[in-house]
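Below: one structure, written as structure tokens.
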Amino acid sequence: MSGERVGEVTHYFDRIAVAAILLTGTLHKGDQVHFLGHGSDFSQEITSIQVEHETIETAVKGQEIAVKVIKPVKQHTAVFLVTGEE
-7 MSGERVGEVT HYFDRIAVAA ILLTGTLHKG DQVHFLGHGS DFSQEITSIQ VEHETIETAV
53 KGQEIAVKVI KPVKQHTAVF LVTGEE
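Shown next, in the form of structure tokens:
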């Protein structure tokens, strides 16, 4: 797995399995990301992105977004964009 850091988890909503992420880069619906740190180490596809309960296709640096996650994550978990390079 290789990629650039694109954000950090700021909150996890366990009842709905959603992570709030403060972005330091750009993220698109369909991107593959990797969550690493604070007990997390897994990859998943971004199937939807929401800002203030509105669905968007692309999010940019500085936005705080909500994404559905396949496993629980903790605050300060790093989020990397998977590029596929080794």
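Its first residue numbered -7, the sequence shown is counted upward by one per residue in our numbering. In this text, a Cβ means the ideal position worked out from N, Cα and C, and glycines have one as well. These figures come from a predicted structure and were not determined experimentally.
Scanning the region 17 to 61 for uninterrupted alpha helix (DSSP H) segments of 4 residues or longer gives nothing; none is fully contained. Residue state for His3 is assigned as strand, using DSSP reduced to three classes.
Counting every other CB atom within 10 Å of its CB across the protein chains shown gives Phe72 a total of 16 or more, marking it as buried.
Put simply, of Ile62, Val74, Glu56 and Lys60 the residue whose alpha carbon is nearest the alpha carbon of Glu0 is Glu56.
In the displayed model, Ile13 falls within a strand according to three-state DSSP.
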